[in-house]
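Novice:
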Amino acid sequence: MKNCAIVGINWGDEGKGRMVDLLTGDFDVVVRYQGGGNAGHTVVNELGKFALHLLPSGIFRPGVVNVLGPGVALDPENLWTEMEDLRSRGVPISPENLKISDRASLLLPWHRDLDALEEQRLADKQYGSTKQGIAPFYSDKYQKKTVLSGELLYPEEYREHLRELLEWKNLTLTGVYGAEPYTMETLERWTEEYARKLLPFLTDTGAFLREARERKKSILLEAQLGALRDLDYGIYPYTTSSNTTAAYAPIGAGLPSLRIDEVLGVVKAYSTCVGEGPFVCELFGEEAEKLREAGQEYGAKTGRPRRVGPIDLVATRYGVQVQGATGIALTKLDVLGYLEKIPLCTGYRIGEKVTKEFPYPTELNSAQPVMEYMDGWGCDISSARSWEELPREARAYVQRIEEAVGCPIDYVSVGPERDSIILRGRAAK
Ligand code: GDP
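Numbers in our numbering are just positions in the sequence shown, counted from 1, shifted up by 4.
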């Protein structure tokens, strides 16, 4: 069976959760390999509407084993709350269908505080963090200043390790930010209340995945955010603090030797962006308001209105390249039904030059979008289930994107529900 990574091509919120939920039926294992509770996948299925933050989107499928790999920011408080919420709504979660890597590092309570304190210090120069502690967590992880979840299995050593970190972290909290220091009592209470509850789920997920491969099980790797938020290849410093690219998936999943056969890049039919940073084709005023309302573009985690714009073919083509996408799922095409003319950003004007190549982040500040307009279809397409049922203008729009980004669009999504999908090309076979 083939392995597949489902990744974001743009700024995130492309509808990856919806695609994972659709395709999990064909896979045995679903792995989240990076990021934490700082973004959300929205999944709509027969059990209702769910905003997942840390749990893999395969959690709804009976028989699918879900894994949180060593690359995730394991936030016990967020994860436990999410697990309780899903369970109360009838989703069974047990060590049978959820396995957490014992090598995943713990996001500790002070990471969230430090995130908020730093954004406060930055004042009007904020990055627009969701304040979930992700940046402080990953910087501590790479400084080797946090704990691995598996250390919880060795309570004495865990406590000692935590005590050392506490001493060090309080220097920053009190000295740099003038904040309250943490105490061992607070950390122990937190450990009891959240972290230790995860013990039954901890396991060597690398060994589990290796065995799954030997038994010819298929693995779906699920990313958070998108290529333009990748720490190394995104719009730095307006990136996230981890690698959202498919190339990182085997490492973050816990099986570095895993070969990925297919990379499904998820592209939204228009652009959205949460937080700060350059967003070349941003719309403002009434035009933006209409698109935001039509697409219900408000953050899954924060409820913040998302910044919106037309599809950005320059950024999308770059995203496809960075991800090494072998196919595309184009989502939310139905949202554009209200437009008479559909705008597309086909190039960037930087100074005297027009380019189709995504530039160095610094140049994005002065880039102006070069626009093209296509005829809209002006009707509701959410009940279309085949390529032929789509209006001619909608098909032309899909084909224009396909041609510009150089990757086949195998799926066209026309609604949030599981079956609101059109399969094309290889996917239809
Ligand atoms: P993710 O983080 O990439 O999974 O994306 P989000 O969950 O933040 O955003 C996608 C939103 O769009 C969710 O509310 C989905 O239910 C919704 N959605 C996904 N695909 C479609 C679609 O084709 N049409 C419409 N109207 N909504 C969609």
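Every residue gets a Cβ at the ideal spot worked out from N, C-alpha and C, and that includes glycine.
All figures in this text were calculated on a predicted structure; none of them were measured in a lab.
Starting from histidine 492, trace the alpha helix (DSSP H) in both directions and tell me its first and last residue.
Specialist: Not covered by the structure: residue 492. The range shown for the chain is 5 to 433.
Novice: Indicate whether threonine 330 and valine 267 have their beta-carbon atoms separated by less than 9 Å.
Specialist: yes
Novice: Where does lysine 294 sit, in a helix, a strand or coil, going by DSSP?
Specialist: helix
Novice: With alanine 250 as the anchor, note down where its alpha helix (DSSP H) starts and where it stops.
Specialist: Bounds of any alpha helix (DSSP H) do not take in alanine 250, whose DSSP letter is neither H nor E.
Novice: Beta carbon of histidine 165, beta carbon of phenylalanine 141: below 9 Å?
Specialist: no
Novice: How about glutamine 136: is its Cβ closer than 8 Å to a heavy atom in the ligand GDP?
Specialist: no
Novice: Along the chain, which unbroken stretches of the beta strand (DSSP E) at least 3 residues long are found entirely within the region 338–388?
Specialist: 345–354, 357–359 and 372–379
Novice: Restricting to runs no shorter than 3 residues, where is the beta strand (DSSP E) found entirely within the region 259–333?
Specialist: Taken in chain order, the complete beta strand (DSSP E) segments of 3 residues or longer contained in the region 259–333 are 266–272, 275–277 and 311–313.
Novice: Using 8 Å as the Cβ pair cut-off and three pairs as the minimum, do the region 413–426 and the region 321–337 touch?
Specialist: These segments touch.
Novice: Taking only the alpha-carbon atoms, compute the straight-line gap between glutamate 192 and isoleucine 426 and give it to the nearest angstrom.
Specialist: Pairing glutamate 192 with isoleucine 426, the inter-Cα distance amounts to about 51 Å.
Novice: Can you tell me which residues form a DSSP beta bridge with phenylalanine 54?
Specialist: Partner residues in the beta bridge of phenylalanine 54, as assigned by DSSP, are Val47.
Novice: Answer yes or no: the CB of glycine 238 versus the heavy atoms of the ligand GDP, is any distance below 8 Å?
Specialist: no
Novice: Taking the straight line between their C-alpha atoms, what separation do you get for asparagine 82 and lysine 20?
Specialist: Between asparagine 82 and lysine 20, the C-alpha separation is close to 20 Å.
Novice: Between the region 398–411 and the region 304–321, are three or more C-beta pairs nearer than 8 Å?
Specialist: yes
Novice: Taking the DSSP output, what are the residues bridged to serine 101?
Specialist: It is worth fixing the name first, because residue 101 is asparagine in this sequence and not serine. For asparagine 101, which the question treats as bridged, DSSP gives no partner whatsoever.
Novice: Hey, quick one: how far does the beta strand (DSSP E) through glutamine 228 stretch, first residue to last?
Specialist: 223–230
Novice: Does the contact criterion of 3 or more C-beta pairs under 8 Å hold for the region 179–195 versus the region 225–232?
Specialist: no
Novice: Excluding the 5 residues preceding and the 5 following valine 151 in the sequence, name in chain order all residues of the same chain whose CB lies nearer than 8 Å to its CB.
Specialist: Ser109, Leu110, Leu112, Tyr162, His165, Leu166 and Leu169
Novice: Helix, strand or coil for alanine 417, going by three-state DSSP, please let me know.
Specialist: According to the sequence as given, residue 417 is serine; it is not alanine. Strand at serine 417.
Novice: Assuming contact is defined by CB atoms lying nearer than 9 Å, are lysine 360 and tyrosine 352 in contact in what I supplied?
Specialist: yes
Novice: Quick check on arginine 36: does DSSP put it in helix, strand or coil?
Specialist: strand
Novice: Please tell me whether, using a cut-off of 8 Å, the distance from the CB of arginine 22 to the nearest non-hydrogen atom of the ligand GDP is below it.
Specialist: yes
Novice: In whole angstroms, give me the CA-to-CA distance for alanine 333 and valine 271.
Specialist: 6 Å
Novice: Strictly by DSSP, which residues pair up with leucine 156?
Specialist: None; leucine 156 has no bridge partner.
Novice: For the ligand GDP, is there any heavy atom lying closer than 8 Å to the beta carbon of glutamine 300?
Specialist: yes
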